[in-house]
Structures are given as structure tokens and as C-alpha cells.
Amino acid sequence: MPSSSVNGAIKCQQVSGGDGYSTMANGTQTYMFSFGPLSGLADIANGQPGTEFPNVFNTVYPGIIAPGDPATTDGASDDGTSYVPGNALLPGAAFTYNGAVGLTADLDAIANGTCTAPCLDGHVDPRQILDVGVMNGNIPAPLVAFDEDDEMFLTLTNVGMIMRPDLFEQHTIHFHGYPNASSVYDGVPDASVAINIGGSFTYYYMAPDAGTYFWHCHITPPEHLQMGMVGQLYVRPRQDRVPSGTSLYTSLGQQQNDLRTACRRPGDNVLSPNITASAVTTAPDILCANPLPAINTQVTQGTDKLGNPQKYAYNDGDGSTAYDTEYALQIHGFDPNFHFVGMTFNPEAFADMKDKFFLLNGRSYPDTVQPGPMATQSSDGRVHYSQPLPSIINIPAGGKALLRIADLDVSEYQTLATLGIPMKVIGFNAKILRDQAGNNLEYYTNSITLGGGESLDVILDASDAGCGSTGCAATLYPAGSVFYLFTPNLDHLSNDQENFGGLMTEVHVN
Ligand SMILES: [Cu+2]
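Read left to right, the sequence shown gives residues 95 to 604 (this note's numbering).
Written out as C-alpha cells, the structure reads:
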């Protein structure tokens, strides 16, 4: 981990704000107000974040991108012959484009000699942006993920809502829980700008604190949230960049050199060019994001079960948030009546909202365990990827899976429980569970409950930690075993009028 310069990279992403359709687990096609991807199309279709480095973002699609791409390009014919409504539709390997849709050479600037080809100076072809962005809503909204210290440029383009030509709805992006929000980039329309139809706006964030956040449109909440304008966002910690063999504790101590993350509390005993003996005795910074652990576990940076550099949920300094695989899981609820009237006239009263679909990453069981993106034919006659994120949890045998759980349900609390594999809760609302004296407050449980607007970080621990130092006679979680992650609110294990489904998915040990 760098001790002097902690600068990150530049990351870019573009999304559309508009409308679209999704397919519920009982086959119903549901109308949404929604965000869709305008960059990272191939990554989004493969269940990955659509956040890209500039050298990927600033590339031009070789050809004309078609409405519904990449679903339309890859076997999902426009005439519907190879498309079964609601079925998963795997993206073809041929579609690898992750650039910004519509980016094109500035021919005028080239012609008048002020720019040389290819001259990608931000000039766009709006036709392609509308072709791809219209009726292309996703639930959850495109996944955003970047690294602590990155500078993030997130562009929202309002493409209008085709099914509601009577409306002139603006949209915004609100990065929920962003610690250093400036009001202009905070997406609260009353205190900032909102994006009109046909307009684009680029939000800028300097990502300071690792954690699990989420984002949503802030126009007439809860209406646009219930209608689908909610997405997941997480920030990976600096600790992921600690060189192999280096002490995590020492590295976290070096973060005290950075005034953005210095804790400066009594007992740190961390002296450095910026933290003098007198500074560590000043009052603690109660907003400190990365307190040193009370116990130095002497853990050094190594590799995970898959042979990759070890990853962490937070800058823990003791390895307590290490994991092998990570999954963003968004809990949401849909009231089909609210969505139906949202497509026709004014919405029903908020007080009358009653969830009938209980969604994990926009799907209910059994769609949650369907691999690959789900597609829906929209009223433009084209097939669009509508629910790109499956929620099967894969854990390597003996390993740990990090679940980045966010609840964006606007009307009900939701509980998720596990049978068999214990949950270790390590973070809440994008903060490591640790007190200001450095004591870990993580705990083991078999269920968690979240209200709308809350996030939790949970590690599903299949490492036989419960067997203690003497170990188990045989592993409790052998490769090939399947466990369930489900809601114990039994009335939420349904898909509207179908009595089997709802908020449930599978955990596979591989
Ligand atoms: Cu909106």
C-alpha cells in the first residue's frame, strides 16, 4: 500500500434514465421506470459492473449498434423465434464492446483542423444513444463498482419514457451514503440539478471510503424507486492493493499519513511524518473510517482460495473481512398494481402500495438461480436484457463469500436467512463493524433484517470456522453441496398469486 501517494485511477460509466419492462417469476411482464446501461454493455450482460477505465470507455463500436443490443445481436432474434419470454438468454461471446454508446469522431473538428483523427473529444451521435437507451431499463440498475481513491465520472442521459409521453419526468443519480457529497453531485433535485429529457449530466465522485452503498433516482421518491430506479454500488478498499507479504496492520497504520483517512486517536501509537506524538493524543475523529484493530493479528497479504490476491470488504488491518468471492445482492419489492397504473395514468397513493413480488437482484425464485441475464421483449418489439444479475452464490470449498446486501424496498422490511452456512456480519451502512477503540464488533448469525435504504456486509463462512482449533472430522460444507438463502417471512416466498417462489436463492459450494 502506498504510504505517500494514495491516488487511484479514473473510472467512467454512462447510464440511461427512461423506462422498460422486466419479467417477474410468474411470467408477468412488468412496466418500469428504470436506468439502463450506456457503457459496459458486455460486462453488464455478463453480470459484471459496467464501470470502465477510460481506455475502454473511450472506444467506438465497430458498426451500428442496434436497439436491444447486446441481446438482439446474440441469437435473440427480432421476430421472437429463438426467444422464450422470461428465459435466460446468454450473451454471445462475439459481443465484447464495453465503450460509451454513441461516442464518435468529431468530424467538424477534424475538418477545420483543430483536432486529429480519431478525435474522440466527447462528441456523440445521439441516434445511437436513443437506439440503445430507449426501453432498455434494467432492474437492478447498472452495477457500479470502483476502488477507493478513484475519481469516478458517472454520466446520466435522460432518454425519456416512451410509454408515458404525457410525462416530462426528470431523473437524477443519488449516491446514497456518499460521505463527502457536494450538493451539485448529490442528485437531490431540490438542492441541485435534475436531468431533463434529452439532456446528459456527468456526476463526479472522489471515492473516499470503502464499503457497500447503492444509488437511485431522487425524483419523487418513493415513486421512481418503487418503479425500479435503484442500483448497487460498492467501493473496494485500498487494502486490496497491499503488496504480497506486507503486514495488513502496518499498511493500515500508514493510512494515518493520509489526512482523508487518518484517525488520530489516543492509543493508535502510529507515528509518522503527519502523525506526531502530540497528534495521536488529540481527540479521536469519530468519523474515522479505518480505525486500527485493537489486536495486531500479524496477518500479511496473501492469496485467496482461487489463487488471486486476497480481497477484503474493508480496510480492516487484521484480515477479518477477507473473502474469496463477492456478490452484490439488492433486495427490492414490486407492487404490480402500482407498476400497471404507472404505465397508464397517475400512480396510486403511496400508502396503498403493497409488495407482491419480492426481488433479489430484480428476480424472484426460481429465476434467481437461472444463470446468465434475463431478457424481456419490450413494447418496441425488441428483446432487451432486463435483469442481468443472477443471484446464485458460489463459494470455493473451504472459502468465504462476501454478500454486499442492499435493501431498496420502499414499503417493507426484509429478512434474509441462511440454513447451514453461518453469516458473519462485518459491516453496516458502508462502515466496518468496529468501535473507535478498534474492537471488532462483527457477529455470527443466521438471519439479517434490513429496512429500505440500509446496507449490510455479510460473509457466508464455509471455512469450518465453527469447528475451532481442533477442526472437524470432515468438512461441514463439502464441494457439491447446496444451501439456501431465503426469507423466513413465509408470505414473501411467493410470486404474487403463486405460492412458491419469492425472496430465495441458492448457495453452491464448488
Ligand atoms: Cu427518475
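Backbone N, C-alpha and C define an ideal beta-carbon position, used for all residues, glycine too. All values reported here derive from a predicted model rather than from experimental measurement.
Rounded to whole angstroms, residue 305 and residue 206 show a C-alpha spacing of 47 Å. Annotation: the continuous beta strand (DSSP E) that includes residue 123 extends over 123-131.
Counting along the chain, residue 245 sits inside the beta strand (DSSP E) bounded by residues 245-254.
Residue 429 is a Cβ neighbour of residue 450, given a cutoff of 9 Å. The set of residues whose C-beta lies within less than 5 Å of a heavy atom of ligand 1 reads, in chain order, 265, 311, 313, 318 and 323. Secondary structure note for residue 343: its alpha helix (DSSP H) is the uninterrupted segment 342-348.
Assignment of residue 320 by DSSP, reduced to helix, strand and coil, places it in the helix class.
For residue 541, the three-state secondary structure derived from DSSP is strand. Contact check for residue 479 against residue 267 fails: the beta carbons are separated by 9 Å or more. Per DSSP, reduced to three states, the secondary structure at residue 328 is strand.
For residue 458, the three-state secondary structure derived from DSSP is coil.
Residue 280 sits away from residue 102, with the two beta carbons spaced by 9 Å or more. Under the three-state reduction of DSSP, residue 106 is assigned to strand.
Counting the other CB atoms within 10 Å of its CB gives residue 494 a total of 16 or more, which places it among the buried residues. Taking all protein chains in view, the Cβ of residue 576 is surrounded by fewer than 16 other Cβ atoms within 10 Å, so the residue is classified as exposed. In summary, residue 539 is exposed, with fewer than 16 beta-carbon neighbours lying within 10 Å of its beta-carbon over all protein chains present.
A direct Cα-Cα distance of roughly 30 Å separates residue 515 from residue 339. According to DSSP, residue 534 shares a beta bridge with 528.
By a beta-carbon distance limit of 8 Å, residue 241 contacts residue 330. Their separation comes to about 5 Å.
With a cutoff of 9 Å on beta-carbon distance, residue 408 and residue 551 are scored as near each other.
A distance below 6 Å between beta-carbons, with the five flanking residues on each side excluded, links residue 152 to the following residues of its chain, in chain order: 214.
Distance from residue 303 to residue 273 at the Cβ level is roughly 5 Å; contact confirmed, criterion being Cβ atoms closer than 8 Å.
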